[in-house]
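Take a look at the structure below.
Numbering (my numbering), first residue to last: 10 to 977.
Here it is, written out as structure tokens:
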């Protein structure tokens, strides 16, 4: 929507105020500025508002808008007078307006910083969260235009509007004047307003996914008249899964008299159905999709799964077609999975939905699976099926032009049917939001991620994503900080998912190993050490061990208080005749499951080699089964025929309760409990089982730490001049800053850092030997002589640094050696600096990435960080816990803590420095880069020897603004 010439020529139409939003019920709407072209829409909208709502708006009966009203409400200057509208299908459903006022309540211009605000929402759309979303957006617009407060007059009976203001989380004042409630809202965002906004976002986006994943009716648009084809395949899968809702087949080519196809009502359009349709699966060629979307939108369909290809994966023309598809669907309030999607599955017994191309639906279970690739989705479904794993939901989003992994994290966060979230991602559309949502979800259930297309420039062609400059190793570190279990392959994702879904979380890294093969036990032991676990010596039961022996050994290991997890290793046992026998895997599985069910709640994993039926039996959870006695070592006996059949699956222990829950047992005087026999994950190799267990150990540790969040120490506030730094940054950038930014000089950087309590050791220029001698006399011997030329900075290996220069003679000699070796002083730009106390050379950096946000990094100076990539990263703002973990998470960390008898350095001072740098870049987003190198950390205190700072206009912070859907 563009302005007409009648709009103010001084303020162009602010198209960046346009936004798609998700409402409370999961539908979408568009918010945009009102223009002079909206007169007819405004009149039509007002006619559909009830007399009561009109009375609440104008404090008097107001049946219709006059021509003067219409002109006033459609002509804005976008500064002092602003109006926003919420539209669905191009028509208004709500409006909001502010007018800047002075202290007396009269119309005003800047610098007046208060505005009067008023809302009007159609009665049919009240209760959908429309006014709350509008308040967020009009407040952001007002702040942009220099308005700091809203004033509103509300009738006491207008409880809904009063509640909108009250629940927004802004600082506010209320009074009762002249028969109305007078409200004043301070528009500066608060922790409460941000929390309210994000809670609303979570509920709305989760609801929008629920409308897709649990529909009451589904129409397959593009159902083929002949067997085969995409549409007919989806229809067949819907029927085979036993979908509990209504199903319809739609194809414009159906004959007028065709009533059914495959037993399903057949129609030539959505409009012909005559009943509500919640979900439409679109399987028509791309050029016919717009027609299908229009048919769906005009007849109230709530969401779409677009299987059709031919979009962004086909280049620029397809990318524009994809954008138009999203715009069209959202204009009707619909959300999209796809295009180029594989489909979705919901195994809930109340839904039983398979609206996908998967030939067979996986078994019901507790794992939620999201993929951006159909091929990977097929492979994962197949792998999970083979290993007996069950899914709660499955989504393959294709180009994920709208619905993404972020939306499903919102849904899974509260979904009682999902205990573990698995995501295969090839791109991150909104990395800041992903890490925020992943951290919140990981606090209650595991999130396991495989990131495909990890290397720069390899983003799939169908995915439009913001450019990120940070390497994949940094992305991995930031995911770990958020509690995400990042693995490298889909096999590792399945391995970890199975363990996390079916086993309790370990309380520590201590691992018991029991089995009937010494060699396999030793392999497991080595794998544990390689993964940072603390294994106990393997217990060898010998190849003559029976299932009862396994049961007893597992029960004993679980009961051991010095054990946090158990790995069982099993090979075919040896019979009486000396020949290896594969044995009865079901008998061994029953023995292991019984021991696990009756012991303390600790994770158990099984590593097996060629034992037929063992993995399948371990995966088949059962609630009633007697564990048989084995009477001979050569051939386990068959189960007791009198044992009750295992016909019902027992629910796995919820990961949220696993840290302290016991499996089962009896107390004094209790009747013995019937054990609950759950699934035990089985692995064909020790390394795979141990790697999955190690991920569970690290995740459990993160969960325990996350329960008590870190904080920023208050002592920093006393030594930080935030206001002074802000003023200095404004002065350095100037009134018209270069978008590319500017590096600060050495003195400018030192001054700015000093305002945050970061002192850089002084350096003095030495353009010639005499200047060097004068500088050394001023600083005091011993000194360091070093070059500052960009190609030699921090390169002691190239000879550009001379340390511990004790006197004038040595300084002149060093100066001569430096210039003879490396070049003229004008090229080398030498400086003199007093020597710092001996210690460990480290590097502290902070950068702002356009996609991920501000990142704090730490490593040792030189080869460890530059050549080996041994650098740790955390998102800003960093807490005291983040700072402590940062310096301990690099591989070379022992150097800081007394490696090989050396004295430990002052890590407390180092942590404080990290927190100060974090505060600087968090308080001032104009600081886009800080590098402190080297930072020499001594046994007491530290010294910053070099610093560089770069300023630039701050990048947009989409994660802090009002709720809006991304537009790729």
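Glycine residues also receive a C-beta, built at the ideal position from the N, C-alpha and C atoms. All figures in this text were calculated on a predicted structure; none of them were measured in a lab.
- Listed in chain order, the non-local C-beta contacts of residue 125 below 6 Å within the same chain comprise 108, 110, 160, local neighbours out to five positions each way being set aside.
- Residue pairing by DSSP places residue 867 opposite 853, 881 in a beta bridge.
- In this structure, the straight-line span from the alpha carbon of residue 88 to that of residue 141 is close to 22 Å.
- Around the beta carbon of residue 426, 16 or more other beta carbons lie within 10 angstroms, which makes this residue buried.
- Look at residue 356 here: in three-state DSSP terms it is coil, with no helix or strand label.
- With fewer than 16 other CB atoms across the displayed protein chains lying within 10 angstroms of its CB, residue 182 is exposed.
- Residue nearest to residue 20 within the set 44, 34, 31 is 44 (criterion: CA-CA distance).
- Residue environment for residue 933: buried (at least 16 other C-beta atoms within 10 angstroms of its C-beta).
- Within the region 911-955, the beta strand (DSSP E) runs of at least 3 residues that lie entirely inside it are, in chain order, 936-946, 951-953.
- A distance below 8 Å between beta-carbons, with the five flanking residues on each side excluded, links residue 788 to the following residues of its chain, in chain order: 771, 773, 841, 842, 843.
- If you look at residue 557, you'll find it in the alpha helix (DSSP H) that goes 556-568.
- For residue 122, there is no enclosing alpha helix (DSSP H), as DSSP gives it neither H nor E.
- By the Cβ-count criterion, residue 595 is buried, with 16 or more other Cβ atoms from all chains shown falling within 10 Å of its own Cβ.
- Residue 365 is not a Cβ neighbour of residue 376, given a cutoff of 8 Å.
- Of the other Cβ atoms in all chains shown, fewer than 16 fall within 10 Å of the Cβ of residue 188; this residue is therefore exposed.
- Where residue 95 is concerned, the enclosing beta strand (DSSP E) starts and stops at 90-97.
- Just so you know, the alpha carbons of residue 290 and residue 95 end up roughly 27 Å apart.
- In this structure, DSSP gives residue 182 an extended state, which the three-state scheme calls strand.
- Inside the region 347-418, DSSP marks whole beta strand (DSSP E) runs of 3 or more residues at positions 352-355, 362-365, 373-380, 400-405, from first to last along the chain.
- The shortest CA-to-CA distance from residue 921 to any of 898, 902, 931, 887 is the one to 887.
- According to the DSSP assignment, residue 193 belongs to no alpha helix (DSSP H) but to the beta strand (DSSP E) extending over 189-195.
- Per DSSP, reduced to three states, the secondary structure at residue 271 is coil, with no helix or strand assignment.
- For the set 827, 817, 799, the Cα lying nearest the Cα of residue 811 is the one of 827.
- Secondary structure in the region 478-535: the alpha helix (DSSP H) runs of 4 residues or longer, each lying completely within the stretch, are 481-490, 499-511 in chain order.
- In this chain, the beta strand (DSSP E) harbouring residue 257 covers 255-259.
- One thing to note: residue 574 has its Cβ no nearer than 8 Å to the Cβ of residue 598.
- In the three-state reduction of the DSSP assignment, residue 573 falls in the coil class, being assigned neither a helical nor a strand state.
- In the assembly as shown, residue 874 is a buried residue. Its beta-carbon has 16 or more other beta-carbons within 10 Å.
- Comparing alpha carbon positions, the residue from 620, 128, 730 closest to residue 764 is 730.
- Residue 755 and residue 738 have their alpha carbons spaced roughly 15 Å apart.
- Cβ neighbours of residue 791 within its own chain (closer than 7 Å, five residues either side excluded): 813, 814, 815, 844.
- Remark: C-beta atoms of residue 396 and residue 503 approach each other more closely than 8 Å.
- Close CB contacts of residue 194 within its chain, under the 6 Å cut and outside five residues either way in sequence, are with 159, 179, 181 (chain order).
- Boundaries of the alpha helix (DSSP H) harbouring residue 299: 298-307, taken from the DSSP string.
- Taking one beta carbon from each stretch, the region 126-133 and the region 149-169 have 3 or more pairs nearer than 8 Å; the two touch.
- With respect to residue 227, residue 199 sits apart: the two C-beta atoms are not nearer than 8 Å.
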